[in-house]
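Sequential numbering of the sequence shown, starting at 1, is according to the numbering used here. Input: a single structure, listed below in structure tokens.
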Amino acid sequence: MQLNRRRFLAATIAGAGGIVLEGQALGARRSAPSTDPFQLVPLGKTGLKVSLIGFGTGMRGSNRESNQTRLGKDKFEALLRYAYDRGCRFFDCADLYGTHPYVADALKRIPRERYVVNTKIWVLPGGIPERDRPDANVVVDRFRKELNTDYIDMVLIHCMFSDTWCDEQKRQMDLLADLKSKGVIKAHGVSIHSVGALKACVQTKWVDSVHSRINAYGDSMDSRDPSVVAAVLKQIHDAGKGVVGMKLIGEGRYRNDPEKRDRSIRYVLGLGCVDTMIVGFEKPEEIDDFATRVKSALVERASQQKAAA
């Protein structure tokens, strides 16, 4: 059968159109937002990929104790493993909490590259038993022994209140930068406890990532007005720095209030500038509940985006 030129062109165009449509459909499927509450996300420009839900180990943490350590070794380590099995790949520690050995033992059979550990050095008076405050390089060497690891993914200067913290902590910042250049740590940053200290992060190039308190109600935050903190976090995020949200459950205030938990989760996810959320889980059921609520919020957002497309 002879195919004339007109029929040939029509068949070619139809075929090309099918390929284009199929390609568009594939592209749409690929670009569809994930609804996995434990999806891996980039933490700013640190090069680290963390789970959207992280495990905070310092609920009511001080003097190398926290609600998590007070569970006892077996329960706490089982809880950490449960979180990992659910998909958590980001574990937040600190010298203040005393949680390094627990995390090390709980995850010792898991290849080190499969999860991210963040920890924090304490430079303020009080908080830990010793009066001395050794330099960051000395402290990080101890941390590596406690965590049984050659490297630490990220180390923060803990609990900065001062607007001029980046001047006051320059020596420790320089030491952490040197450790990063040697591969001992992969990123450095700060956890913040005032709006002024948070604003200082925007223009401070040294800051790779920031831990900031954020929820829908202003509880245990740097401002009673969440929009004040959110505006600064957007600037930090736009500067390419990682943003780790903490106190989403209001430091436990919303534990028995599902409506507030849902609203807070939706608020933080809706900001578009918080990379990951850490929560101080104390029971497996709390991990399941939070993950379910995050997934529900992600599904709702994906449906809204699809409807608007």
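Glycine is no exception: its CB is placed at the ideal position from the N, C-alpha and C atoms.
Item                                                                                                                                                                : Value
Just the C-alpha distance for LEU271 and ARG171, rounded to the nearest angstrom, thanks.                                                                           : 34 angstroms
Please classify HIS158: does DSSP put it in a helix, a strand, or coil?                                                                                             : strand
Check whether the segment 65-72 and the segment 255-273 are in contact - that is, three or more C-beta pairs closer than 8 angstroms.                               : no
Are the segment 281-288 and the segment 262-269 in contact at 8 angstroms, needing three or more beta carbon pairs?                                                 : no
Would you list the one or two residues that DSSP bridges to HIS211?                                                                                                 : SER191 and VAL244
Please name the residue or residues paired with LEU40 in a DSSP beta bridge.                                                                                        : SER51
If I'm right that ASP174 touches ALA187 with Cβ under 8 angstroms, what's the distance once you round it to whole angstroms?                                        : Incorrect: roughly 15 angstroms between the Cβ atoms, too far for contact.
Measuring alpha carbon to alpha carbon, tell me which of GLY127, ALA136, GLY250 and ALA83 ends up nearest ILE287.                                                   : ALA83
In angstroms, rounded to a whole number, what distance separates the CA positions of GLU251 and TYR102?                                                             : 22 angstroms
Could you tell me if VAL138 is buried or exposed, where buried requires 16 or more neighbouring beta carbons within 10 angstroms of its beta carbon?                : exposed
Closer than 6 angstroms by C-beta to TYR97: which residues in its own chain qualify, once you throw out the five before and the five after it? Chain order, please. : THR57, GLY58, GLY61 and SER66
Measure the alpha-carbon distance for ILE185 versus ILE121 and round it to whole angstroms.                                                                         : 13 angstroms
Give the single residue among LEU176, ILE214, THR204 and ASP36 whose Cα lies nearest to the Cα of HIS193.                                                           : ILE214
In angstroms with no decimal places, state the Cα-to-Cα distance between LEU248 and SER34.                                                                          : 21 angstroms
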